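Data first, discussion second: the structure below is written as structure tokens.
In my numbering, the protein residues as written are 309 to 482.
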């Protein structure tokens, strides 16, 4: 027991300069060393160091709590949502029944929007969907499989980012 107060007394002297160095800017190395020693001691100086670390956490919460980064992310997500609906998927079948089956399978298989159908002539019908690239690819795969079961599948194609000039010939642009 006589050794414990001496050790405690010896530990208090070296710890105080470390805490001072932490306050002066040696946060990365001094902070972890100070926290380890404070955890061993469990005294009020540990609370002082904890206050410093909570100040750092408070800085992090201020960064995450600031309104400008959060406002930028939703704006980017909104523009990303606009960009994600840009892919165009088309399935061409011989006969209307196969085209209807393909359209039904596409809208059920993925988050896509049916934008139109086009009667080509000679019994050929094309159905078109829009959505993000992954959803359109999944939808056209499902639609092609469904159209093959019912009728004759002629062609399947996905354009990830059609040019704005190509938009003029799509049924939704008419």
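Here a beta-carbon is modelled for each residue, glycine too, at the ideal position from N, C-alpha and C. Small disclaimer: the values here were computed from a predicted structure and weren't measured.
Worksheet entry | Neighbourhood of residue 466 by C-beta distance below 6 Å, restricted to the same chain and skipping five residues each side | Residue mapping note: residue 466 aligns to position 158 of the chain shown, counting from 1. Closer than 6 Å at Cβ, skipping near neighbours: 397, 444, 445, 448.
Worksheet item: In terms of DSSP beta bridges, what is residue 457 paired with?
Response: Within the chain shown, numbered from 1, the residue matching residue 457 stands at position 149. BP columns for residue 457 are empty, so no partner.
Worksheet item: For the 8 Å Cβ check, are there 3 or more pairs between the region 412-424 and the region 462-477?
Response: no
Worksheet item: Which term fits residue 410, buried or exposed, when burial requires 16 or more other beta carbons within 10 angstroms of its beta carbon?
Response: Here residue 410 is taken as the residue at index 102 of the chain shown, counted from 1. Residue 410 is buried by the Cβ-count criterion.
Worksheet item: Starting from residue 428 and walking both ways along the beta strand (DSSP E), at which residues does that stretch end?
Response: Within the chain shown, numbered from 1, the residue matching residue 428 stands at position 120. Taken as a continuous stretch (DSSP letters only), the beta strand (DSSP E) holding residue 428 covers 421-429.
Discussion item. Give me the residue from 460, 405, 450 with the minimum Cα distance to residue 437.
Written reply: Taking the first residue of the chain shown as position 1, residue 437 is located at position 129. Looking at the Cα atoms, 450 is the closest of the given residues.
Practice prompt. Let me know if residue 429 comes out buried or exposed under the rule of 16 or more other beta-carbons within 10 Å of its beta-carbon.
Written response: For the purposes of this step, residue 429 is identified with residue 121 of the chain shown, where counting begins at 1. Exposed: under 16 other Cβ atoms inside 10 Å.
Worksheet entry | Per DSSP, cross-strand counterpart(s) of residue 432 | Looking up residue 432 in the chain shown gives position 124. According to DSSP, residue 432 bridges with 402, 429.
Worksheet item: When we look at the beta-carbon of residue 400 and count the other beta-carbons within 10 Å, is it buried (16 or more) or exposed?
Response: Residue numbering aside, residue 400 sits at position 92 when the chain shown is read from its first letter. The residue in question, residue 400, is buried, as its Cβ has 16 or more Cβ neighbours within 10 Å.
Worksheet item: How many whole angstroms separate the CB atoms of residue 395 and residue 441, which I take to be in contact at a CB cut-off of 8 Å?
Response: The sequence position of residue 395 within the chain shown is 87, counting from 1. The sequence position of residue 441 within the chain shown is 133, counting from 1. Contact flag correct, Cβ pair sits at about 4 Å.
Worksheet item: Hey, residue 454 and residue 464: beta-carbon distance below 8 Å or not?
Response: Residue 454 sits at position 146 when you count from the first residue of the chain shown. Residue 464 sits at position 156 when you count from the first residue of the chain shown. Cβ distance not < 8 Å, so residue 454 and residue 464 don't count as in contact.
Fill in: Residue of 417, 426, 405, 415 minimising C-alpha distance to residue 478
Walking along the chain shown from the start, residue 478 turns up at place 170. Selected option, being the one with the closest Cα: 426.
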